[in-house]
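In our numbering, the protein residues as written are 1160 to 1286. C-beta: ideal position from N, C-alpha, C; glycine also. See below for the structure under consideration.
Here it is as C-alpha coordinates:
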(Lines of atoms letter the chains of each structure in order from A and count residues from 1; the text may use other names and numbers.)
(Lines give C-alpha, C1' and ligand atoms only; values in the text may rest on other atoms or scores of the structure.)
Protein backbone atom coordinates (compact mmCIF):
# COMPACT_ATOMS: atom_id res chain seq x y z
CA UNK A 1 0.00 0.00 0.00
CA UNK A 2 2.16 2.80 -1.31
CA UNK A 3 0.12 5.60 0.27
CA UNK A 4 0.88 4.70 3.90
CA UNK A 5 3.77 3.56 6.06
CA UNK A 6 3.21 0.17 7.69
CA UNK A 7 5.08 -0.87 10.85
CA UNK A 8 3.57 -4.34 11.23
CA UNK A 9 0.69 -6.33 9.77
CA UNK A 10 -1.29 -9.50 10.41
CA UNK A 11 -3.62 -10.74 7.68
CA UNK A 12 -5.66 -13.63 6.35
CA UNK A 13 -6.52 -14.07 2.66
CA UNK A 14 -8.55 -16.70 0.85
CA UNK A 15 -10.36 -17.19 -2.43
CA UNK A 16 -14.04 -16.29 -2.16
CA UNK A 17 -16.42 -18.68 -3.89
CA UNK A 18 -20.18 -18.95 -3.54
CA UNK A 19 -21.73 -22.39 -3.22
CA UNK A 20 -22.16 -24.02 -6.65
CA UNK A 21 -20.29 -21.20 -8.30
CA UNK A 22 -17.91 -22.48 -10.95
CA UNK A 23 -15.75 -19.52 -11.82
CA UNK A 24 -12.24 -19.88 -13.19
CA UNK A 25 -9.57 -18.90 -10.63
CA UNK A 26 -8.86 -15.53 -12.23
CA UNK A 27 -12.52 -14.49 -11.80
CA UNK A 28 -12.75 -15.45 -8.12
CA UNK A 29 -12.03 -12.63 -5.68
CA UNK A 30 -9.64 -13.07 -2.80
CA UNK A 31 -11.02 -11.69 0.47
CA UNK A 32 -8.48 -10.18 2.81
CA UNK A 33 -8.76 -9.17 6.46
CA UNK A 34 -5.85 -7.10 7.80
CA UNK A 35 -4.94 -5.67 11.20
CA UNK A 36 -1.93 -3.39 10.81
CA UNK A 37 0.03 -0.84 12.75
CA UNK A 38 0.70 2.18 10.56
CA UNK A 39 3.03 5.11 11.03
CA UNK A 40 1.58 8.06 12.98
CA UNK A 41 1.30 10.30 9.90
CA UNK A 42 -0.65 7.62 8.05
CA UNK A 43 -2.96 7.08 11.04
CA UNK A 44 -3.55 10.83 11.29
CA UNK A 45 -4.44 11.11 7.57
CA UNK A 46 -6.93 8.24 7.88
CA UNK A 47 -8.39 9.66 11.11
CA UNK A 48 -8.88 13.09 9.51
CA UNK A 49 -10.79 11.43 6.66
CA UNK A 50 -12.99 9.41 9.03
CA UNK A 51 -16.73 9.90 9.22
CA UNK A 52 -17.45 9.00 12.84
CA UNK A 53 -17.23 6.19 15.39
CA UNK A 54 -16.99 2.59 14.18
CA UNK A 55 -19.76 0.87 16.13
CA UNK A 56 -19.55 -2.08 15.92
CA UNK A 57 -16.10 -2.92 14.57
CA UNK A 58 -15.94 -4.81 11.27
CA UNK A 59 -16.26 -8.56 11.61
CA UNK A 60 -12.73 -9.82 11.07
CA UNK A 61 -11.31 -13.32 10.91
CA UNK A 62 -11.39 -14.64 14.52
CA UNK A 63 -7.63 -15.31 14.79
CA UNK A 64 -6.94 -11.63 14.05
CA UNK A 65 -8.97 -10.39 17.04
CA UNK A 66 -6.00 -10.95 19.36
CA UNK A 67 -4.22 -8.00 17.70
CA UNK A 68 -7.04 -5.53 18.40
CA UNK A 69 -6.97 -4.04 21.93
CA UNK A 70 -10.43 -4.06 23.50
CA UNK A 71 -10.21 -0.48 24.79
CA UNK A 72 -9.19 1.18 21.50
CA UNK A 73 -11.71 3.60 19.99
CA UNK A 74 -11.99 3.32 16.21
CA UNK A 75 -13.48 5.61 13.59
CA UNK A 76 -14.83 4.61 10.18
CA UNK A 77 -12.95 5.71 7.07
CA UNK A 78 -15.20 5.93 3.98
CA UNK A 79 -14.17 3.47 1.26
CA UNK A 80 -13.29 6.08 -1.35
CA UNK A 81 -11.20 8.11 1.12
CA UNK A 82 -9.44 4.96 2.36
CA UNK A 83 -8.58 3.88 -1.19
CA UNK A 84 -7.29 7.36 -1.98
CA UNK A 85 -5.06 7.52 1.11
CA UNK A 86 -3.86 3.91 0.74
CA UNK A 87 -3.22 4.64 -2.97
CA UNK A 88 -4.66 1.29 -4.05
CA UNK A 89 -4.55 2.42 -7.67
CA UNK A 90 -0.78 1.93 -7.63
CA UNK A 91 -0.64 -0.90 -5.12
CA UNK A 92 -0.45 -3.89 -7.44
CA UNK A 93 0.40 -2.28 -10.76
CA UNK A 94 3.74 -1.02 -9.46
CA UNK A 95 4.82 -4.46 -8.23
CA UNK A 96 7.72 -5.57 -10.49
CA UNK A 97 7.03 -9.23 -9.61
CA UNK A 98 3.57 -9.14 -11.18
CA UNK A 99 2.79 -9.04 -14.88
CA UNK A 100 -0.96 -9.67 -14.80
CA UNK A 101 -3.60 -6.98 -14.12
CA UNK A 102 -5.21 -6.74 -10.67
CA UNK A 103 -8.12 -5.00 -9.03
CA UNK A 104 -8.31 -4.08 -5.33
CA UNK A 105 -11.52 -3.03 -3.58
CA UNK A 106 -11.76 -1.71 -0.02
CA UNK A 107 -14.90 -2.97 1.73
CA UNK A 108 -14.33 -1.56 5.23
CA UNK A 109 -11.60 0.47 6.92
CA UNK A 110 -11.46 1.67 10.52
CA UNK A 111 -8.63 3.47 12.29
CA UNK A 112 -7.60 4.06 15.89
CA UNK A 113 -5.40 7.16 15.74
CA UNK A 114 -4.28 6.72 19.38
CA UNK A 115 -2.67 3.33 18.74
CA UNK A 116 -2.08 3.78 14.96
CA UNK A 117 -4.07 0.60 14.31
CA UNK A 118 -5.90 0.06 11.01
CA UNK A 119 -8.43 -2.71 10.38
CA UNK A 120 -9.02 -3.29 6.68
CA UNK A 121 -11.41 -5.65 4.90
CA UNK A 122 -10.92 -5.84 1.15
CA UNK A 123 -11.23 -7.96 -1.98
CA UNK A 124 -8.66 -8.46 -4.70
CA UNK A 125 -9.02 -9.92 -8.17
CA UNK A 126 -6.20 -11.40 -10.25
CA UNK A 127 -7.26 -11.11 -13.85
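Between residue 1283 and residue 1191, the CB-CB gap stays under 8 angstroms.
Residue burial is scored here from C-beta neighbours: residue 1219 has at least 16 other C-beta atoms within 10 angstroms and is therefore classed as buried.
Contact between the stretch 1202-1214 and the stretch 1166-1174 is absent: fewer than 3 CB-CB pairs across the two stretches fall below 8 angstroms. Just measuring C-alpha positions, the residue of 1215, 1277, 1197, 1223 sitting nearest residue 1166 is 1197.
In the DSSP assignment, residue 1244 falls within the alpha helix (DSSP H) that extends over 1238-1245. In the displayed model, residue 1230 falls within coil according to three-state DSSP, outside both helix and strand.
Selection 1266, 1162, 1168, 1242 evaluated against residue 1227 yields 1168 as nearest (Cα-Cα). Around the beta carbon of residue 1209, a 10 Å sphere encloses 16 or more other beta carbons of the protein chains shown; the residue is thus reported as buried.
For residue 1245, the closest of 1225, 1274, 1278 by C-alpha to C-alpha distance is 1278. Under DSSP, residue 1220 forms no beta bridge with any residue. Note that the C-beta distance between residue 1194 and residue 1276 is below 8 angstroms. Burial state of residue 1265 is buried, judged by a 10 Å Cβ sphere holding 16 or more other Cβ atoms.
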